[in-house]
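Undergrad:
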Amino acid sequence: MFRNDDEKARAYFFNDTATTEIYTRDEMVTADVIFAATGVTQGSILQGIKIEPGWITTETILMRSKTGSVRRMIYKSPMK
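The sequence shown begins at 1075 in my numbering and counts up by one.
1) Tell me which same chain residues have a C-beta within less than 6 Å of the C-beta of Ile1148, skipping the five on either side of it?
2) Can you tell me whether DSSP reads Arg1084 as helix, strand or coil?
3) Determine, using beta carbons only, whether Ile1108 and Val1114 come nearer to each other than 8 Å.
4) Whole angstroms is fine: what's the gap from Arg1099's alpha carbon to Arg1077's?
5) Per DSSP, which one or two residues make a beta bridge with Leu1136?
Next comes the structure, spelled out in C-alpha coordinates:
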(Lines of atoms letter the chains of each structure in order from A and count residues from 1; the text may use other names and numbers.)
(Lines give C-alpha, C1' and ligand atoms only; values in the text may rest on other atoms or scores of the structure.)
Protein backbone atom coordinates (compact mmCIF):
# COMPACT_ATOMS: atom_id res chain seq x y z
CA MET A 1 0.00 0.00 0.00
CA PHE A 2 2.82 2.42 0.82
CA ARG A 3 6.02 2.68 -1.19
CA ASN A 4 8.20 3.63 1.78
CA ASP A 5 8.20 4.58 5.47
CA ASP A 6 7.87 8.30 4.66
CA GLU A 7 4.53 7.74 2.88
CA LYS A 8 3.32 5.63 5.79
CA ALA A 9 4.29 8.35 8.31
CA ARG A 10 2.55 11.05 6.26
CA ALA A 11 -0.64 8.98 6.08
CA TYR A 12 -0.56 8.35 9.84
CA PHE A 13 -0.09 12.11 10.47
CA PHE A 14 -3.45 12.86 8.79
CA ASN A 15 -5.37 9.81 10.07
CA ASP A 16 -4.05 7.56 12.81
CA THR A 17 -5.92 4.55 11.38
CA ALA A 18 -4.68 5.10 7.82
CA THR A 19 -1.94 2.51 8.17
CA THR A 20 -4.10 -0.30 9.54
CA GLU A 21 -7.69 0.26 8.43
CA ILE A 22 -8.97 -1.11 5.13
CA TYR A 23 -12.09 0.76 4.05
CA THR A 24 -14.86 -0.62 1.86
CA ARG A 25 -16.18 1.31 -1.12
CA ASP A 26 -19.40 2.15 0.75
CA GLU A 27 -17.43 3.55 3.70
CA MET A 28 -15.40 5.82 1.43
CA VAL A 29 -18.27 6.95 -0.80
CA THR A 30 -21.46 7.89 1.04
CA ALA A 31 -23.06 10.18 -1.59
CA ASP A 32 -23.29 10.53 -5.35
CA VAL A 33 -19.70 10.95 -6.49
CA ILE A 34 -18.21 11.25 -9.94
CA PHE A 35 -14.57 10.23 -10.32
CA ALA A 36 -12.54 11.12 -13.40
CA ALA A 37 -8.93 10.33 -14.23
CA THR A 38 -6.84 10.78 -17.35
CA GLY A 39 -3.69 8.74 -17.85
CA VAL A 40 -0.49 10.75 -18.08
CA THR A 41 2.01 7.92 -17.69
CA GLN A 42 1.49 4.25 -18.58
CA GLY A 43 -0.34 2.37 -15.83
CA SER A 44 -2.37 -0.75 -15.12
CA ILE A 45 -5.71 1.09 -15.40
CA LEU A 46 -5.10 3.80 -18.00
CA GLN A 47 -2.81 4.24 -20.98
CA GLY A 48 -0.36 7.11 -20.82
CA ILE A 49 -0.33 9.98 -23.28
CA LYS A 50 0.59 8.77 -26.76
CA ILE A 51 2.30 11.14 -29.14
CA GLU A 52 2.06 10.08 -32.78
CA PRO A 53 2.87 12.03 -35.93
CA GLY A 54 0.28 14.83 -35.96
CA TRP A 55 -1.74 13.49 -32.99
CA ILE A 56 -1.85 13.28 -29.20
CA THR A 57 -4.05 10.53 -27.73
CA THR A 58 -5.28 10.38 -24.12
CA GLU A 59 -7.46 7.90 -22.24
CA THR A 60 -9.91 8.93 -19.49
CA ILE A 61 -12.07 6.87 -17.13
CA LEU A 62 -15.28 8.22 -15.57
CA MET A 63 -17.11 6.47 -12.72
CA ARG A 64 -20.38 7.42 -11.04
CA SER A 65 -21.24 5.93 -7.68
CA LYS A 66 -25.01 6.50 -7.92
CA THR A 67 -25.46 4.44 -11.08
CA GLY A 68 -22.34 2.29 -10.92
CA SER A 69 -21.51 3.31 -14.47
CA VAL A 70 -17.94 3.20 -15.75
CA ARG A 71 -17.04 4.95 -18.98
CA ARG A 72 -13.77 5.04 -20.86
CA MET A 73 -13.03 7.77 -23.35
CA ILE A 74 -10.18 7.93 -25.82
CA TYR A 75 -9.54 11.42 -27.15
CA LYS A 76 -7.40 11.97 -30.23
CA SER A 77 -6.35 15.60 -30.64
CA PRO A 78 -4.50 17.02 -33.65
CA MET A 79 -1.12 18.60 -32.92
CA LYS A 80 -0.52 22.05 -34.30
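No residue lacks a Cβ here, since even glycine has one placed at the ideal position from N, Cα and C.
TA: Let's see:
1) On the sequence shown, residue 1148 is found 74 positions in, with the first residue counted as 1. Correct list, in chain order: Glu1133.
2) Counted from its first residue, the sequence shown places residue 1084 at position 10. In this structure, Arg1084 counts as helix in the three-state DSSP scheme.
3) Mapped onto the sequence shown, residue 1108 falls at position 34. Mapped onto the sequence shown, residue 1114 falls at position 40. No. Outside cutoff.
4) Indexing the sequence shown from 1 puts residue 1099 at position 25. Indexing the sequence shown from 1 puts residue 1077 at position 3. Straight-line Cα distance between these residues: approximately 22 Å.
5) Walking along the sequence shown from the start, residue 1136 turns up at place 62. Beta-bridge annotation (DSSP): Leu1136 is paired with Ala1110, Arg1145.
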